[in-house]
Amino acid sequence: MKNIILMGAPGAGKGTLAKQLKERFKLVHISTGDMFREAIKAGTELGKLASSYMAKGDLVPDEVTIGIVKDRLSQDDCAKGFILDGFPRTLAQAEALDKLSNEINRSIDVVINLDCDNKELIRRISGRRVCKVCGAPYHIETMKPKVDGICDLCGGPLFQRPDDNEEALKVRLEHYTHDTKPLLDFYDSKNLLVSFDSLVGAEPLFDEVSLLLHKI
Ligand code: AMP
């Protein structure tokens, strides 16, 4: 059983790695971004609130985000181990997670940080395409689908996330630097942080992280 936090800037490869680790280690994948996108699709009140922040690249307020993670992490399936992808993103979220994980006896085993330089993040995000049906990620240059605009896995149409535009990306990167990056020190001081170079590419990165997880 492994409880993992995945950290890294937008475009560092958290989503891709989380999907691979979920399969390999049979973990529950908890992506707050995916949860908000599902709520938007379903047209719920949460979705309406989240989309007003997401479209601009801003963070959804802490109390809302912490609330949905609390509900999800407390569910029975998370007892087999989980990957938190995109949470926590602020110190308040990290502190709330600390408290919650102690309360429910599901403490964090490791925080995996993916390092990536800004130029590469911008290249990845601006070329990113996502399957509308299953969420599989592609890139217009480096991870092309077999048929243009169509998902290899499920045949769904590919699209560009509305917050993957230049303006929203700038705001997201600023939030990462100011709000999220300081959490690396927070977890390092707890001896939980292990950093990887995401520039090696998705497959080598997955192998390196898997090796680490087999040891803990
Ligand atoms: P992601 O899919 O992780 O890139 O998240 C997409 C967007 O969802 C972010 O830019 C935020 O607007 C929102 N979001 C996701 N996770 C969080 C979080 N932990 N705290 C606040 N907002 C979040």
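Numbering (this note's numbering), first residue to last: 4 to 219. Even glycine gets a Cβ: it sits at the ideal position worked out from N, Cα and C. As the structure is a prediction and not an experimental result, all values here were calculated from the model.
Inclusion of Phe39 and Val63 in the CB contact set at 8 Å is warranted, their separation being smaller than that value.
Look at Ser201: its beta carbon is at least 7 Å from all of the heavy atoms in ligand 1.
Residues of the same chain with a CB within less than 8 Å of the CB of Asp61, apart from the 5 flanking positions on each side, are Val174 and His178 in chain order. In this structure, the CA atom of Arg127 is about 18 Å from the CA atom of Lys135. When secondary structure is reduced to three states using DSSP, Val150 falls in the coil class, being assigned neither helix nor strand. Residue range Asn121 to Ser129 is occupied by the alpha helix (DSSP H) that includes Arg127.
In the DSSP annotation of this structure, the continuous segment of the alpha helix (DSSP H) that includes Asn105 starts and ends at Leu94 to Glu106. Here Gly16 is buried, its C-beta having at least 16 other C-beta atoms within 10 Å. Residue pairing of His178 in beta bridges, as defined by DSSP: absent, with no partner found. Take the alpha-carbon of Pro148 and the one of Leu124: they are about 20 Å apart. The nearest non-hydrogen atom of ligand 1 is less than 7 Å from the C-beta of Val63. Sequence-distant partners of Val31 (beyond 5 residues in either direction) whose C-beta falls short of 6 Å from its own C-beta, in its chain, are Asp80, Cys81 and Phe85.
The Cβ atoms of Leu87 and Val67 lie no closer than 8 Å to each other. Around the beta carbon of Met57, 16 or more other beta carbons lie within 10 angstroms, which makes this residue buried.
Short of 7 Å from the beta carbon of Ala99, and not among the five residues preceding or following it, lie these beta carbons of its own chain, in chain order: Ile69. When Glu48, Asn105 and Val133 are compared, the shortest CA-CA separation from Asp167 is found for Val133. Only exposed fits Ser77, as fewer than 16 other CB atoms lie within 10 angstroms of its CB. Judged by pairs of C-beta atoms under 8 Å, the stretch 140-157 does not touch the stretch 34-48, as fewer than three such pairs exist. The distance from the Cβ of Pro91 to that of Leu186 is about 6 Å, consistent with a contact at the 8 Å cut-off. Excluding residues up to 5 positions away in sequence, Lys5 and Phe28 lie with their Cβ nearer than 7 Å to the Cβ of Leu216 in the same chain.
Rounded to whole angstroms, the separation of the alpha carbons of Arg131 and Pro140 is 7 Å.
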